[in-house]
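Chain order of the listed sequences is A, B and C. According to our numbering, the first sequence is numbered sequentially starting from 1. According to our numbering, the second sequence is numbered sequentially starting from 1. According to our numbering, the third sequence is numbered sequentially starting from 1. Every residue gets a Cβ at the ideal spot worked out from N, C-alpha and C, and that includes glycine.
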Amino acid sequence: MEALEMYTTDDRTDVYTEELKLNLGPQHPSTHGVLRVELKMDGEIITGSRSDIGYLHRCAEKIGENVTYLQFTPYTDRMDYLASMNNNLAWSLTVEKLLGVEAPERAQWLRMICAELNRIASHLIAFGTYGIDIGANTPFFYAFRERESIMELLERPSGARMLYNYIQPGGVRRDVDENWVDDVLAFCDVFERRWAEYNTLLTNNLIFIKRTANIGIVTKEMVFDNGAGGPVMRGSGIKWDLRRDVPYLKPYDEVEFDVPVGEGTHGTLGDCWDRYWVRMREMMESIRIIRQGCKAMPGGEVMEKGMKKMYKTPLKPAPGEAYVRCENPRGELGFYVVSEGGTSPIRCRARGPSFCNLSMLDSLLPGTMLADAVAIIGSLDIVLGEVDR
Amino acid sequence: MDILITFFAETLGMSGVWPLSFAYATCIGSLLGFVTVYAMFAIWMERKVAAHIQQRLGPMEVGGWHGWAQSPADALKLLFKEDIIPDGANKWLFWIAPAVVFCGVFAGFIAIPFAAGVQIVDINLGVFFIIAIASIEVVGVIMAGWASNSKYSLFGAVREAAQVVSYELPSATALLAPILVVGSFKLSDFNAYQAEHGWVLFANPFMWIALLCFFIASLAGCKRAPFDLPEAESELVSGFHTEYSGMRFSFFGLEEYVSMFVVSAITATLFLGGYTLPFNLLDVGNLPAPFHLIGVAVLVVKIFAVIFVQMWLRWTLPRMRVDQVMSLGYKYLLPWGLFAVAGTAIWQVWMEG
Amino acid sequence: MGSVREYFSSIANGLGSAAKGMGVTLRHFTSEPHITVQYPRETKPIPPTYRGMHILEQDKCIDCGLCAKACPVDCIEIEAEHHGRVLEWTKFSIDYKKCIFCEFCIPPCPVDCIHMTTEFELATESPDDMVEDMLTWTGLRPQDQAKLEGKTKPKAPAAKPAAGGGGDDLRSRVAAMMAKKKAEKED
Numbered sequence: 001m002e003a004l005e006m007y008t009t010d011d012r013t014d015v016y017t018e019e020l021k022l023n024l025g026p027q028h029p030s031t032h033g034v035l036r037v038e039l040k041m042d043g044e045i046i047t048g049s050r051s052d053i054g055y056l057h058r059c060a061e062k063i064g065e066n067v068t069y070l071q072f073t074p075y076t077d078r079m080d081y082l083a084s085m086n087n088n089l090a091w092s093l094t095v096e097k098l099l100g101v102e103a104p105e106r107a108q109w110l111r112m113i114c115a116e117l118n119r120i121a122s123h124l125i126a127f128g129t130y131g132i133d134i135g136a137n138t139p140f141f142y143a144f145r146e147r148e149s150i151m152e153l154l155e156r157p158s159g160a161r162m163l164y165n166y167i168q169p170g171g172v173r174r175d176v177d178e179n180w181v182d183d184v185l186a187f188c189d190v191f192e193r194r195w196a197e198y199n200t201l202l203t204n205n206l207i208f209i210k211r212t213a214n215i216g217i218v219t220k221e222m223v224f225d226n227g228a229g230g231p232v233m234r235g236s237g238i239k240w241d242l243r244r245d246v247p248y249l250k251p252y253d254e255v256e257f258d259v260p261v262g263e264g265t266h267g268t269l270g271d272c273w274d275r276y277w278v279r280m281r282e283m284m285e286s287i288r289i290i291r292q293g294c295k296a297m298p299g300g301e302v303m304e305k306g307m308k309k310m311y312k313t314p315l316k317p318a319p320g321e322a323y324v325r326c327e328n329p330r331g332e333l334g335f336y337v338v339s340e341g342g343t344s345p346i347r348c349r350a351r352g353p354s355f356c357n358l359s360m361l362d363s364l365l366p367g368t369m370l371a372d373a374v375a376i377i378g379s380l381d382i383v384l385g386e387v388d389r
Numbered sequence: 001m002d003i004l005i006t007f008f009a010e011t012l013g014m015s016g017v018w019p020l021s022f023a024y025a026t027c028i029g030s031l032l033g034f035v036t037v038y039a040m041f042a043i044w045m046e047r048k049v050a051a052h053i054q055q056r057l058g059p060m061e062v063g064g065w066h067g068w069a070q071s072p073a074d075a076l077k078l079l080f081k082e083d084i085i086p087d088g089a090n091k092w093l094f095w096i097a098p099a100v101v102f103c104g105v106f107a108g109f110i111a112i113p114f115a116a117g118v119q120i121v122d123i124n125l126g127v128f129f130i131i132a133i134a135s136i137e138v139v140g141v142i143m144a145g146w147a148s149n150s151k152y153s154l155f156g157a158v159r160e161a162a163q164v165v166s167y168e169l170p171s172a173t174a175l176l177a178p179i180l181v182v183g184s185f186k187l188s189d190f191n192a193y194q195a196e197h198g199w200v201l202f203a204n205p206f207m208w209i210a211l212l213c214f215f216i217a218s219l220a221g222c223k224r225a226p227f228d229l230p231e232a233e234s235e236l237v238s239g240f241h242t243e244y245s246g247m248r249f250s251f252f253g254l255e256e257y258v259s260m261f262v263v264s265a266i267t268a269t270l271f272l273g274g275y276t277l278p279f280n281l282l283d284v285g286n287l288p289a290p291f292h293l294i295g296v297a298v299l300v301v302k303i304f305a306v307i308f309v310q311m312w313l314r315w316t317l318p319r320m321r322v323d324q325v326m327s328l329g330y331k332y333l334l335p336w337g338l339f340a341v342a343g344t345a346i347w348q349v350w351m352e353g
Numbered sequence: 001m002g003s004v005r006e007y008f009s010s011i012a013n014g015l016g017s018a019a020k021g022m023g024v025t026l027r028h029f030t031s032e033p034h035i036t037v038q039y040p041r042e043t044k045p046i047p048p049t050y051r052g053m054h055i056l057e058q059d060k061c062i063d064c065g066l067c068a069k070a071c072p073v074d075c076i077e078i079e080a081e082h083h084g085r086v087l088e089w090t091k092f093s094i095d096y097k098k099c100i101f102c103e104f105c106i107p108p109c110p111v112d113c114i115h116m117t118t119e120f121e122l123a124t125e126s127p128d129d130m131v132e133d134m135l136t137w138t139g140l141r142p143q144d145q146a147k148l149e150g151k152t153k154p155k156a157p158a159a160k161p162a163a164g165g166g167g168d169d170l171r172s173r174v175a176a177m178m179a180k181k182k183a184e185k186e187d
């Protein structure tokens, strides 16, 4: 596959040319939320870009200073609304670290299964919407068919289809019903067959490969300079996954799974196709984890006994601070909480992975064409709720 | 056509230029009616095909049975919409662009033979006339993009101009191959030849290459996926017709489906037998009136088969980037089209003396 | 030579991958069943743990206010006057413009009188209608009045007003659901 040649601007001096300023505005089908990118273009080539965020800022961190620790959990749901189990998990672990408690074993296994199911759901959206950005409208519907099954599965214990508020400090909200584990395993079987279909439709399609290979190459230096994580980092060949390297949940130590990294299969290492392929393989790894989790999950309580009273009386952790980081589908999500002994934290900060991934955009876009800009933004898989909070 | 002229001249007793004028008016009026009904059906079909490929249902509400009345309802709604002309738009160009675009593709109907003798004008250079007149729509699209006073529209228009104009070359080149086999440009001669000798597609192996090249080139000419970057929804919102609303917008939609019809008609006539049945089961060309109208049904079935393939491709393949489209046209389709023509010429000389 | 091979292999690759993709879509077109649930004619089954609109068992409520305190967005407003153990109700409203359906109001209740139902169709025609009053009676009931005045011993609580009285609106549907739940519990 020949590399995309960089086009030079028009050097002739007898023709008056001007740069075109185009707004890939806040209202755009492909910016994955309300993101505004100001582009300076020379014909189809982008010569400069500046991203503008803040359209979805809802003062979550300030609100966190005024509500109790438990009450902040639904706010974390709404930050990265596509992976809300993972957000709840990060927040719950942070509060538990502050309090010095640990969730019971069954709760930890349930947390892992729910987090991995949500990871699959989030990657399905990344896959489906990436297809739409590139122009194939059909894989989106297939992805949502699977996502519907996941949402139904997660609706049964938590009570909601998307903003679960299920993983809470101390454990999980309630135990799953008796058929849940069997239904999850049935879903895993169905999903494996469907995954092969996605590859036929999009992954191995020559047009898709030509649109995404050698585009938006993220080098290792860029990853470290910007703090990128998740598939963006692993697509550039860096084999680092918090679930394996800094296991924040005990069950992650006890299950076996691989960490897929990009290999530059169809082009340069770290291009859009590599990131996309990392996400696809991560879905299969999550299925592996879920299968093992369902088999090995012990019985028992799902909420730490001492924490059950937090619903009636607000938690009052001892003064101190805690920072816990978790592997979000988009990267490394961290919560930093400072307590002074009151019922609300005095500072609760979310380190959103999409914010760091997005900060690479202004260095990735210049030199590409407009169609590639859409492909690059799609491959970074950002959620503006997490960028803006 | 002649039947109509005789009808107006003898039965109604007109003379001078009137029989001809009335005959033309009747033909064009009925074609316009057909085109409108066809476009509504084609839009419904597209939505249903897309839905079933995507495992959903498509229109189901309006009209009861699988939402057949969705398209007329949409057309009615578009008629009632407010006619918004953007501030700073060039009003004259904005107004005339949809008309130019539609007339360009509609004029292609003049040469298509629907059945024996059912053809408005049997033009000597039928094939090339259709290809040439359909390129007027490029002018209309550029007018639309420029007059909209929007950068996104301009993008779409410029991309479209480059794409459609470039793909006329492989399109016409690939068409030379069946012309060599049949030996004439007239579309009615194609039907006559295929009634005797079977479909042109099976005449020699190079025909398959020619069909593939022409099919892909015609997809690009109709701005259908995978070449739909002029109206690339995910990048340019709606491309050159972003700023159009109401009936003007529906003209562009109509133009897309009408050009699909014209291009499928050429494919069906040149490669797939036109209005004759396979193996000439029923000699449609020579049936007495009104049975010769079976040819219309045969041709329409073939056209819809080709349109189904076009829709099927749209919902399967992603979109290509503009430089990839150009490279496909010039580096792949044009050489292979020429190769098909050369191969056909050699084959004709060698096989048929 | 490499680029010649690349040229032909990309043609083969392109046509092959397109054909395979078309095979998948054709299979879906012809044989896969549709997964559309034609709402509102059909609905999906909803699990009983679903977090929908609330119902209040007003007889049990002791006006402790724990549910209102637990709410992250302060959407519950309760007002009642205590006459000893008897409550004279003025207000128990939930503002569904604010409610985030997080379910934090359910666990703190000491008498288990507030629940979340599976009712999710909350669309109304004006913003004021989105403030739902959870009470079925305000003020004092006759038996409570009598009890306060010491005239008679309190009778068993009067039967609930007929469920679903007066139509299809949200309040009636929830009242019907409440009555059905109670009947199921008593069975």
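Let me know the secondary structure DSSP gives D133(C) once reduced to three states. strand
Using a C-beta to C-beta distance shorter than 8 Å, which residues of chain A count as neighbours of G14(C)? L206, I207
Would you kindly work out how many angstroms separate the C-alpha atoms of T276(B) and S188(B), rounded to a whole number? 11 Å
Residue range of the unbroken alpha helix (DSSP H) whose run includes M311(B): 294-314
In chain A, what lies closer than 7 Å to A225(B) by C-beta? G135
Taking only the alpha-carbon atoms, compute the straight-line gap between L39(A) and P26(A) and give it to the nearest angstrom. 13 Å
With C-beta atoms as the reference, is P178(B) less than 7 Å away from A217(B)? no
Does P19(B) pass the burial test, meaning 16 or more other C-beta atoms within 10 Å, or should it be called exposed? buried
Would you report the Cα separation of L109(B) and K48(B), rounded to the nearest angstrom? It should be noted that the sequence gives Phe, not Leu, for residue 109(B). Straight-line Cα distance between these residues: approximately 26 Å.
According to DSSP, residues forming a beta bridge with H83(C): V86(C)
Just to confirm, is the Cβ distance from E255(B) to V101(B) under 7 Å? yes
Determine the burial state of T6(B): buried for a count of at least 16 other Cβ atoms within 10 Å of its Cβ, exposed for fewer. exposed
Does the pairing of the segment 47-58 of chain A with the segment 358-366 of chain A give three or more beta-carbon distances under 8 Å? yes
Counting contacts by CB-CB distance shorter than 7 Å, is Q55(B) in contact with chain C? yes
Can you tell me whether DSSP reads A350(A) as helix, strand or coil? strand
When the Cβ atoms of the segment 64-73 of chain C are set against those of the segment 93-110 of chain C, are three or more pairs found closer than 8 Å? yes
Using a Cβ cut-off of 9 Å, which residues of the segment 7-35 of chain B contact any Cβ in chain A, in chain order? none
Given 6 Å as the limit, tell me if L270(B) has its C-beta closer than that to any heavy atom belonging to the ligand NAD. This structure lacks the ligand NAD; in fact it carries no ligand of any kind.
In chain order, what residues of the same chain lie with their CB nearer than 6 Å to the CB of L399(B), ignoring the 5 residues before and after it? Examination of residue 399(B) is not possible in this model, given that chain B is present from 1 through 353 alone.
Specify whether the segment 290-306 of chain B and the segment 121-135 of chain B touch according to this definition: at least 3 beta carbon pairs, one from each stretch, less than 8 Å apart. no
Tell me the rounded alpha-carbon separation between S3(C) and W68(B). 51 Å
Quick check on V118(B): does DSSP put it in helix, strand or coil? strand
Going by C-alpha to C-alpha distance, which of E340(A), R389(A), Y323(A) sits closest to F355(A)? R389(A)
Short CB-CB distance (under 7 Å) between L390(A) and chain B: No answer is possible for residue 390(A): it lies beyond the span of chain A, which begins at 1 and ends at 389.
Nearest-angstrom Cα distance between I3(B) and A116(B)? 12 Å
Tell me, please, whether the CB atom of A296(A) is closer than 7 Å to any CB atom in chain B? no
If we call anything under 7 Å between Cβ atoms a contact, is D80(A) one with V383(A)? yes
Scan the segment 191-220 of chain A for residues whose Cβ lies nearer than 9 Å to a Cβ of chain B and list them as they occur along the chain. L201, L202, N205, I207, F208, K210, R211
Within 8 Å of chain C by C-beta, residues of the segment 56-67 of chain B in sequence order: R56, L57, M60
To the nearest angstrom, report how far apart G165(C) and D129(C) are at their CA atoms. Confidence is the limiting factor: at G165(C) the pLDDT is only 45, short of 50, which leaves the residue's position unreliable and the question unanswerable from this model.
Cutting at 7 Å between CB atoms, please list the residues of its own chain near L78(B), excluding the five before and the five after it. G246, M247, F249, S250
Tell me where the beta strand (DSSP E) around N191(B) begins and ends. Careful: N191(B) lies outside any beta strand (DSSP E), inside the alpha helix (DSSP H) at 187-197.
For chain A, find out if any of its Cβ atoms is closer than 7 Å to the Cβ of C102(C); answer yes or no. yes
Unbroken beta strand (DSSP E) run spanning K21(A), endpoints: 20-24
Interface residues of chain C facing L70(A) [CB-CB closer than 9 Å]: A70, P72, F104
For C27(B), collect the residues of the same chain with a Cβ closer than 6 Å to its Cβ; drop the 5 residues on either side in sequence, then sort them by chain order. I120
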